[in-house]
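Undergrad:
Number of protein chains: 2
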Amino acid sequence: MSSYYSSWEPEAPTVKTEIPGPKSKAAIAELDKVFDTRSLNMLTDYHNSKGNYIADPDGNVLLDVYAQIASIPVGYNNPALLKAAQGEEMINGLINRPALGNFPPQDWANVLKTGILKVAPKGLDQVFTAMAGSDANETAYKAAFMYRRQQERGGAHVEFTEEEMESAMNNQSPGASQLSIMSFKTAFHGRLFGSLSTTRSKPIHKLDIPAFDWPQATFPQLKYPLEDHVEENRKAEQEALAEVEHLILNYHVPPCAVIVEPIQSEGGDNHASADFFKGLRALTKKHNVLMIVDEVQTGVGATGKFWAHEHWNLPEPPDMVTFSKKAQTAGYYFGNPELRPNKPYRQFNTWMGDPARALLFRAIIEEIEKNDLVTKTAKVGDYLFGKLEALAKKYPGQFDNLRGKGMGTFIAFDNPRRDEFLKKAKSFGINIGGSGASAVRLRPMLIFEEKHADILLEALEKIVTSW
Amino acid sequence: MSSYYSSWEPEAPTVKTEIPGPKSKAAIAELDKVFDTRSLNMLTDYHNSKGNYIADPDGNVLLDVYAQIASIPVGYNNPALLKAAQGEEMINGLINRPALGNFPPQDWANVLKTGILKVAPKGLDQVFTAMAGSDANETAYKAAFMYRRQQERGGAHVEFTEEEMESAMNNQSPGASQLSIMSFKTAFHGRLFGSLSTTRSKPIHKLDIPAFDWPQATFPQLKYPLEDHVEENRKAEQEALAEVEHLILNYHVPPCAVIVEPIQSEGGDNHASADFFKGLRALTKKHNVLMIVDEVQTGVGATGKFWAHEHWNLPEPPDMVTFSKKAQTAGYYFGNPELRPNKPYRQFNTWMGDPARALLFRAIIEEIEKNDLVTKTAKVGDYLFGKLEALAKKYPGQFDNLRGKGMGTFIAFDNPRRDEFLKKAKSFGINIGGSGASAVRLRPMLIFEEKHADILLEALEKIVTSW
Numbered sequence: 000m001s002s003y004y005s006s007w008e009p010e011a012p013t014v015k016t017e018i019p020g021p022k023s024k025a026a027i028a029e030l031d032k033v034f035d036t037r038s039l040n041m042l043t044d045y046h047n048s049k050g051n052y053i054a055d056p057d058g059n060v061l062l063d064v065y066a067q068i069a070s071i072p073v074g075y076n077n078p079a080l081l082k083a084a085q086g087e088e089m090i091n092g093l094i095n096r097p098a099l100g101n102f103p104p105q106d107w108a109n110v111l112k113t114g115i116l117k118v119a120p121k122g123l124d125q126v127f128t129a130m131a132g133s134d135a136n137e138t139a140y141k142a143a144f145m146y147r148r149q150q151e152r153g154g155a156h157v158e159f160t161e162e163e164m165e166s167a168m169n170n171q172s173p174g175a176s177q178l179s180i181m182s183f184k185t186a187f188h189g190r191l192f193g194s195l196s197t198t199r200s201k202p203i204h205k206l207d208i209p210a211f212d213w214p215q216a217t218f219p220q221l222k223y224p225l226e227d228h229v230e231e232n233r234k235a236e237q238e239a240l241a242e243v244e245h246l247i248l249n250y251h252v253p254p255c256a257v258i259v260e261p262i263q264s265e266g267g268d269n270h271a272s273a274d275f276f277k278g279l280r281a282l283t284k285k286h287n288v289l290m291i292v293d294e295v296q297t298g299v300g301a302t303g304k305f306w307a308h309e310h311w312n313l314p315e316p317p318d319m320v321t322f323s324k325k326a327q328t329a330g331y332y333f334g335n336p337e338l339r340p341n342k343p344y345r346q347f348n349t350w351m352g353d354p355a356r357a358l359l360f361r362a363i364i365e366e367i368e369k370n371d372l373v374t375k376t377a378k379v380g381d382y383l384f385g386k387l388e389a390l391a392k393k394y395p396g397q398f399d400n401l402r403g404k405g406m407g408t409f410i411a412f413d414n415p416r417r418d419e420f421l422k423k424a425k426s427f428g429i430n431i432g433g434s435g436a437s438a439v440r441l442r443p444m445l446i447f448e449e450k451h452a453d454i455l456l457e458a459l460e461k462i463v464t465s466w
Numbered sequence: 000m001s002s003y004y005s006s007w008e009p010e011a012p013t014v015k016t017e018i019p020g021p022k023s024k025a026a027i028a029e030l031d032k033v034f035d036t037r038s039l040n041m042l043t044d045y046h047n048s049k050g051n052y053i054a055d056p057d058g059n060v061l062l063d064v065y066a067q068i069a070s071i072p073v074g075y076n077n078p079a080l081l082k083a084a085q086g087e088e089m090i091n092g093l094i095n096r097p098a099l100g101n102f103p104p105q106d107w108a109n110v111l112k113t114g115i116l117k118v119a120p121k122g123l124d125q126v127f128t129a130m131a132g133s134d135a136n137e138t139a140y141k142a143a144f145m146y147r148r149q150q151e152r153g154g155a156h157v158e159f160t161e162e163e164m165e166s167a168m169n170n171q172s173p174g175a176s177q178l179s180i181m182s183f184k185t186a187f188h189g190r191l192f193g194s195l196s197t198t199r200s201k202p203i204h205k206l207d208i209p210a211f212d213w214p215q216a217t218f219p220q221l222k223y224p225l226e227d228h229v230e231e232n233r234k235a236e237q238e239a240l241a242e243v244e245h246l247i248l249n250y251h252v253p254p255c256a257v258i259v260e261p262i263q264s265e266g267g268d269n270h271a272s273a274d275f276f277k278g279l280r281a282l283t284k285k286h287n288v289l290m291i292v293d294e295v296q297t298g299v300g301a302t303g304k305f306w307a308h309e310h311w312n313l314p315e316p317p318d319m320v321t322f323s324k325k326a327q328t329a330g331y332y333f334g335n336p337e338l339r340p341n342k343p344y345r346q347f348n349t350w351m352g353d354p355a356r357a358l359l360f361r362a363i364i365e366e367i368e369k370n371d372l373v374t375k376t377a378k379v380g381d382y383l384f385g386k387l388e389a390l391a392k393k394y395p396g397q398f399d400n401l402r403g404k405g406m407g408t409f410i411a412f413d414n415p416r417r418d419e420f421l422k423k424a425k426s427f428g429i430n431i432g433g434s435g436a437s438a439v440r441l442r443p444m445l446i447f448e449e450k451h452a453d454i455l456l457e458a459l460e461k462i463v464t465s466w
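If you're matching them up, the sequences are chains D and C in order.
Under numbering that gives the first Met the number 0, think of the first position of the first sequence as 0, with each following residue one higher.
Under numbering that gives the first Met the number 0, think of the first position of the second sequence as 0, with each following residue one higher.
(1) If I follow the unbroken alpha helix (DSSP H) through threonine 128 of chain C, where does it start and stop?
(2) Considering only their Cβ atoms, is the gap separating alanine 69 of chain D from lysine 325 of chain D smaller than 8 Å?
(3) My guess is that isoleucine 410 of chain C and phenylalanine 384 of chain C are in contact by the Cβ rule of under 8 Å, so how many angstroms apart are they, rounded?
(4) One question on the structure: do aspartate 134 of chain D and alanine 357 of chain D come within less than 8 Å of each other, judged by their Cβ atoms?
(5) What residues of chain C sit near serine 437 of chain D, judged by a beta carbon separation below 9 Å?
(6) If distances are taken between C-alpha atoms only, which option among C:Arg280, C:Leu338 and C:Phe322 comes closest to proline 314 of chain C?
(7) Answer with yes or no whether the minimum CB distance from leucine 111 of chain C to chain D is below 8 Å.
(8) Can you list the residues of chain C that tryptophan 213 of chain D reaches, using a CB-CB cut of under 8 Å?
(9) Going by DSSP in three states, valine 295 of chain C sits in which element: helix, strand or coil?
(10) Glycine 122 of chain C CB to nearest chain D CB: under 8 Å?
(11) Return yes when the C-beta of leucine 81 of chain C is under 7 Å from any heavy atom of the ligand ADP, and no when it is not.
(12) Decide yes or no for the touch test of the segment 26-34 of chain C against the segment 451-460 of chain D: beta carbon pairs closer than 8 Å, at least 3 of them.
(13) Please list the residues of the segment 77-93 of chain D that have a C-beta atom closer than 7 Å to any C-beta atom in chain C, keeping them in chain order.
(14) Please report the distance separating the alpha-carbon of proline 336 of chain D from that of tyrosine 146 of chain D.
(15) Which two residues bound the contiguous alpha helix (DSSP H) that contains asparagine 232 of chain D?
(16) Using the Cα positions of glutamine 220 of chain C and phenylalanine 420 of chain C, report the straight-line distance between them to the nearest angstrom.
(17) Give the single residue among C:Ala256, C:Gly86 and C:Asn95 whose Cα lies nearest to the Cα of isoleucine 71 of chain D.
(18) How should serine 6 of chain D be labelled, buried or exposed, when 16 other C-beta atoms within 10 angstroms of its C-beta is the threshold for buried?
(19) Would you mind sorting histidine 156 of chain D into buried or exposed? The rule is 16 or more other CB atoms within 10 Å of its CB.
(20) Can you look up tyrosine 382 of chain D in the DSSP assignment and give me helix, strand or coil?
(21) Contact criterion: CB-CB distance below 8 Å. Does threonine 16 of chain D meet it with respect to chain C?
(22) With a threshold of 16 other CB atoms inside 10 Å of the CB of threonine 464 of chain C, please say whether the residue is buried or exposed.
(23) Closer than 8 Å, CB to CB, is aspartate 134 of chain C near chain A or not?
(24) What residues of chain D sit near arginine 543 of chain C, judged by a beta carbon separation below 8 Å?
(25) Can you check whether the C-beta of arginine 345 of chain C is within less than 8 Å of a C-beta belonging to chain D?
(26) Enumerate in chain order the residues of its own chain whose CB-to-CB distance from leucine 80 of chain D is below 6 Å, with the five nearest sequence positions on each side excluded.
(27) Between the Cα of glycine 435 of chain D and those of D:Gln263, D:Asp212, D:Ala216 and D:Gly74, spot the shortest distance and give me the residue it belongs to.
(28) Return the chain-ordered list of same chain residues with a C-beta closer than 7 Å to the C-beta of proline 316 of chain C, the five sequence neighbours on each side being excluded.
(29) For the structure I just gave you, are there three or more beta carbon pairs, one from the segment 290-298 of chain D and one from the segment 203-218 of chain D, closer than 8 Å?
(30) Taking the alpha carbon of phenylalanine 218 of chain C as the point to measure from, which residue in C:Gly267, C:Thr185, C:Ile18 and C:Gln150 has its own alpha carbon closest?
(31) Is it buried or exposed for valine 288 of chain C, if we count other Cβ within 10 angstroms and need 16 for buried?
(32) Buried or exposed for lysine 141 of chain D, going by 16 or more other Cβ atoms inside 10 Å?
(33) If you scan the segment 314-396 of chain C from start to end, which runs of the alpha helix (DSSP H) of 4 or more residues do you find wholly inside it?
(34) Please name the residues in the segment 145-163 of chain D whose beta-carbon is closer than 7 Å to at least one beta-carbon of chain C, in chain order.
(35) Who are proline 254 of chain D's beta bridge partners in DSSP?
(36) Of all the CB atoms in chain C, is at least one closer than 8 Å to the CB of alanine 167 of chain D?
Structural data, given as structure tokens:
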């Protein structure tokens, strides 16, 4: 079987210089004069980045299992995306950017149906489009607040009172609702003011920024491997659910929605079982709290299902599912028509997304389907996980808490010298990212195959035997 | 002199059917199944929209002085943008979307310097890039909060305390600061949670959404024509400034920044004088409050200057200027290096904008400069304003409070039957938008010429003589 990517990517990494090398260093110094470069990981040559490989100006070419913070779906300079980008439709979307709510393109329904909505999670047949993960989540929150207040008012037909309208203009209740969005400890849902109030990853993300007094529940802290800690983990999940219910019933700013990641990604790749999420769905249904699943990082195939929450087999779908990153566009899916606000212009902004990016997602979906990349990712994930288990056994303490079994390539482990680990990885030809306090997270693209897994595994072994 | 646009746009509007016509109606019904169409103004055929003219599926072609809510800069299907969109650089930016903070493209400094930063307001030589107006403003707010807290702590070198880090994770002070952003009544700064807390346009924008307890000052309510109400208006502006100072000194959640639009756009095209803004700059300097100028709608040429705040001749620049819409990309400019947070990852997100859109802005800037479109807009604005003054005199009560003299084509007036006015305009071949309670706002593109002004004026006269 010839490889899907082989026509356009190199065969192996090439490391020519330290990273950053001399050319990169000079360019970074220049860039820093106008753009903050302190979070810069690697200056990138995107013209020479191909498939699974990322290039830099010094001629270094690394196997990229970080993929722009998990946001490159089908490889750099993918020929199918190149073709889509050259198409008349894309160019039109790019140069004639519409205010989608007011002046949608005549083929917008078709673009949605053959793209974003073609992969809509089961039970969710509508979408509100956005720009990135933060505003996808925040517009979902807005929908949740409007929905709950509408119920409290007695339905869509009930008009706002004078008092509500006046107090809303003053940012005061009852017009500005005194409701909350519940999230979980170590969650990450974005960095704007509403989303940041639900983000609980690290102080550096939150310090100095005003926040809403919203509740957080403990995310179950599971022990790995999961199969060796079944009882303990079940107990941790039951306690977490009990806390969720307690907060729903007692928090002084009542939650109208709970937002949860299928796998807490930025927070360190923290997993929970399908039973936990089923329990959360049951609890939220019981107490009329909406369940928002944040699939910004987990969505679009990397877990071996198109949406990670498909792993749970929920009896009823989540109320909303948000997406971004590998979709290259963003928004939230929903099914219940009542989640459309009762009047126009309540959920609205000038652009409401970007048709050029929506068209790119359509091309990505076509590429995924044509090449069966989700199934392949599930398989290569199993292969990779098995090999990592062997490495973990061979090098105790170096691949701690290996997690992500059966979750495609969405795999992570802890290493006590994590930051050094990531730096060394570059010298062995691999670009990897970290998350949480000590996690090394693997976020390969959907075109990652056994061949790449072998290159990665060899490098990982070199890293841990080099110190 | 041959017209700039003449090669690619029609000579006049064509109205073939009611709007929406039969084809549009059918397509809208189809779209509504998956996408909320209650705010739909006109289903658009972007392939047949050219220059100043917007087309629909029924073959109607209207002179467009709304321009996607003031966000089309140089015309539909502009040949120069078409060329840029077909270029290798753009395609690369589109299909290899970087996480700009971690993996910037090697030529990112150059893209910024020849694009976004080439038109940076005087005194502001740095930029943080964003996606749209709301997050441009919100990231500017975040910078303001971090800056003020850093001052309070005693400088960039002072470390966060344990108490700050712990309380930040719980959304409580001192880690989550108890500071505010002041805005003005009838202002519009966006619709996400932080920006919406500063937006004071209409209840429908704010109802049910939790908001921060932040202060609002009265925006001076000027009488028009300005030259006939000099003393009254000066008094209104002095009172507004006194209120600003009072709130800075006394509001129970102290403001660390004031955000202001050069012309309140969504709120109804409310103007204030250069003296008012100079006074605001002086007050904010005096009290160590940052001044953020929101140029999302006013920026990029329509007022006859590239940035509307150039009209004020401030002795010192604003601290931050935000942009979006006609820039087709977004962000905030700043000059003071202390506005870079003291540590990396404090101001950060996955994409931090979109290089494809940044490249489009560069092409827009080239097109504006090459054709001297800002100067031309100033001139055609004067022409249009003069003719509108004559219409206002001829039809008393129909073009009330005509405003925007000397402000390019950024012109508005009130009409007592505004909604009907806008609807009728379509039947006479013109697409116009409204704002505030009764304003008709003209937001032509920068390629709007006397010829288009004449077509517009003729239609406006037809509207007011038709009832």
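No residue lacks a Cβ here, since even glycine has one placed at the ideal position from N, Cα and C.
TA: Taking the coordinates as given:
(1) Counting along the chain, threonine 128 of chain C falls outside any alpha helix (DSSP H), though it belongs to the beta strand (DSSP E) covering 125-129.
(2) yes
(3) 6 Å
(4) no
(5) Chain C residues near serine 437 of chain D: none, gap ~17 Å exceeds 9 Å.
(6) C:Arg280
(7) yes
(8) Asn170
(9) coil
(10) no
(11) Ligands in the displayed structure: none, and consequently the ligand ADP is not present.
(12) no
(13) Asn77, Leu80, Leu81, Ala84, Gln85, Ile90, Asn91 and Leu93
(14) 10 Å
(15) 229-249
(16) 24 Å
(17) C:Asn95
(18) exposed
(19) exposed
(20) helix
(21) no
(22) exposed
(23) The chain labelled as chain A is not found among the protein chains of the depicted structure, namely D and C.
(24) Outside the displayed range of chain C (0 to 466) lies residue 543 of chain C, so it cannot be described from this structure.
(25) yes
(26) Ala362
(27) D:Gln263
(28) Pro120, Lys121, Gly122, Leu123 and Gly334
(29) no
(30) C:Thr185
(31) buried
(32) buried
(33) 354-369 and 372-393
(34) Met145, Arg148, Phe159 and Glu163
(35) D:Ser179
(36) yes
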